[in-house]
Amino acid sequence: MLKIGLTGGIGCGKSTVAKIFESLSVPVIDADQIAHALVAIGQPALAQIEVAFGSIVINPDGSLNRKALRDIVFFDAEKKYTLDAIMHPLVYQTITNQLESLIAPYCILAIPLLFETEMTDFVDRILVIDCPEGMQIERVCRRDGLSVQMVEAIIANQVSRSFRIAHANDIIDNCAAEDGLAERLKKLHNSYLSLSACRDNRVCEQHNHL
Ligand code: ADP
628 MLKIGLTGGI GCGKSTVAKI FESLSVPVID ADQIAHALVA IGQPALAQIE
678 VAFGSIVINP DGSLNRKALR DIVFFDAEKK YTLDAIMHPL VYQTITNQLE
728 SLIAPYCILA IPLLFETEMT DFVDRILVID CPEGMQIERV CRRDGLSVQM
778 VEAIIANQVS RSFRIAHAND IIDNCAAEDG LAERLKKLHN SYLSLSACRD
828 NRVCEQHNHL
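So in the working numbering, the last spot in the sequence shown is 837, and the numbers never skip.
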């Protein structure tokens, strides 16, 4: 099965695009949702996180205090490494299990930090959702109620826009209003359906910039 890695900077529109693929009956495996589920109450990863970071990252009801954990790892590379060492193998394994149970011409692997977590080998093609940084900041401030400085810091922690574009097989330009997006994704969907019929998806080199 052809595996499309869907990625892009925060606020570029990955979730919006993933929903449109789902509406086209394309299976979407979402790394963020998986990571979220892996730290639910009672999951082994949550216990490991508590051991590594202390009870400060656990809410009174036993759930993960995401803000406390984010505050700890955001500016501390070593702590971030510790968290990644707990989470990444579990996320890989869950993605692999979910892939094994799928039957479809192609699927979308929505992995926001595809490059940062070195998961590019997991996918056959890379689809980047792109928009300028100013637009990312505006959209994320509005969506999450974060400060401009916080969004800038998150963007600075991710690979650059130019790096993503340089490594993309396909690019969706998500600057314009959402109206035309579904139509462009339908074109991309058709292109992926034809590519999925190729015997070697990597050799079928066709680039889409829509
Ligand atoms: P990501 O998943 O990449 O962080 P989202 O898909 O959540 O980004 O989009 C960020 C915000 O911008 C959301 O509130 C979404 O509704 C909005 N958005 C996404 N695409 C567009 C667009 N083309 N025009 C206007 N708003 C958009």
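Every residue gets a Cβ at the ideal spot worked out from N, C-alpha and C, and that includes glycine.
Check your understanding: Is residue 830 helix, strand or coil by DSSP?
Key -> Only weak support exists for where residue 830 lies, its pLDDT of 49 falling under 50; the value from the coordinates is given anyway. Reduced to three states, the DSSP call for residue 830 is coil.
Review point. Using 8 Å as the threshold, is the region 766 to 786 in touch with the region 662 to 673, meaning 3 or more CB pairs across them?
Key: no
**Study point:** residue 696 beta carbon less than 7 Å from that of residue 684
**Key:** yes
Check your understanding: Apart from the five residues on each side of it in sequence, which residues of its chain come closer than 6 Å, Cβ to Cβ, to residue 736?
Key -> 630, 632, 656 and 750
Check your understanding: Quick one: is the Cβ of residue 770 within less than 6 Å of any heavy atom of the ligand ADP?
Key -> yes
Point to revise | Span of the beta strand (DSSP E) around residue 657 | key: 655 to 657
Exercise for review: Grab me the residues of residue 800's own chain with a C-beta within less than 8 Å of its C-beta, minus the 5 sequence neighbours each way, in chain order.
Suggested key: 757, 758, 836 and 837
Check your understanding: Any idea what DSSP makes of residue 755, helix, strand or coil?
Key -> strand
Review point. Just how far apart, CA to CA, sit residue 762 and residue 802?
Key: 8 Å
Check your understanding: Going by DSSP, which residues form a beta bridge with residue 734?
Key -> 630
Check your understanding: Would the region 696 to 710 and the region 742 to 749 be scored as touching if the rule is three or more Cβ pairs under 8 Å?
Key -> no
Review point. Does at least one heavy atom of the ligand ADP sit under 6 Å from the Cβ of residue 662?
Key: no
Exercise for review: Just the C-alpha distance for residue 653 and residue 786, rounded to the nearest angstrom, thanks.
Suggested key: 27 Å
Practice item. Out of 717, 680, 643 and 795, state which residue places its alpha-carbon closest to the alpha-carbon of residue 707. Key: 680
Point to revise | Proximity below 7 Å, CB of residue 634 to CB of residue 738 | key: yes
Check your understanding: Hey, residue 711 and residue 754: beta-carbon distance below 7 Å or not?
Key -> no
Point to revise | Secondary structure of residue 685, DSSP reduced to three states | key: strand
Review point. What's the gap between the Cα of residue 689 and the Cα of residue 718?
Key: 22 Å
Exercise for review: Return the chain-ordered list of same chain residues with a C-beta closer than 8 Å to the C-beta of residue 647, the five sequence neighbours on each side being excluded.
Suggested key: 808, 809 and 812
Review point. The beta strand (DSSP E) with residue 798 in it runs from where to where?
Key: 797 to 800
Point to revise | Contacts around residue 820, its chain only, beta-carbon distance under 6 Å, and the 5 residues preceding and following it disregarded | key: 732
Check your understanding: Buried or exposed: where does residue 792 fall if 16 or more other Cβ atoms within 10 Å of its Cβ makes it buried?
Key -> exposed
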